[in-house]
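Residue numbers (full-length UniProt numbering): 1 to 83.
And the structure:
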């Protein structure tokens with residue numbers, strides 16, 4: 001039995017890309033028209049889902065799972081990983 005590849009919502013993908021580029025929570029919030037707490041909520045939920053303890057591990061696991069492409073800067077979530 002194979003499992004489906006992990007995907008992200010459009011908003012989570014945008015947040016993931018910005019975290020991977022090293023942006024701060026407040027900067028992400030301003031660019032995506034969210035509150036700081038809203039960004040932190042989404043990051044926390046992604047960390048739970050990926051079973052990682054921090055943002056660095058979240059980005060590393062996203063690369064390891066093939067969610068973030070390694071051929072561009074700033075990092076981009078691959079289109080087939082957005083639902």
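Ideal placement from N, C-alpha and C gives every residue a C-beta, glycine not left out.
None of the values given here were measured: they were computed from a predicted structure.
DSSP three-state label for residue i, please.
{"i": "residue 15", "result": "helix"}
{"i": "residue 34", "result": "coil"}
{"i": "residue 26", "result": "helix"}
{"i": "residue 20", "result": "helix"}
Given that a residue counts as buried once 16 or more other Cβ atoms are within 10 Å of its Cβ, and exposed if not, what is residue i?
{"i": "residue 71", "result": "exposed"}
{"i": "residue 8", "result": "buried"}
{"i": "residue 68", "result": "buried"}
{"i": "residue 62", "result": "buried"}
{"i": "residue 49", "result": "exposed"}
{"i": "residue 53", "result": "exposed"}
On the DSSP bridge assignment, give the partners of residue i in chain order.
{"i": "residue 82", "result": "8"}
Within the region 42-80, note down every full alpha helix (DSSP H) run reaching 4 residues or more, in order along the chain.
55-64
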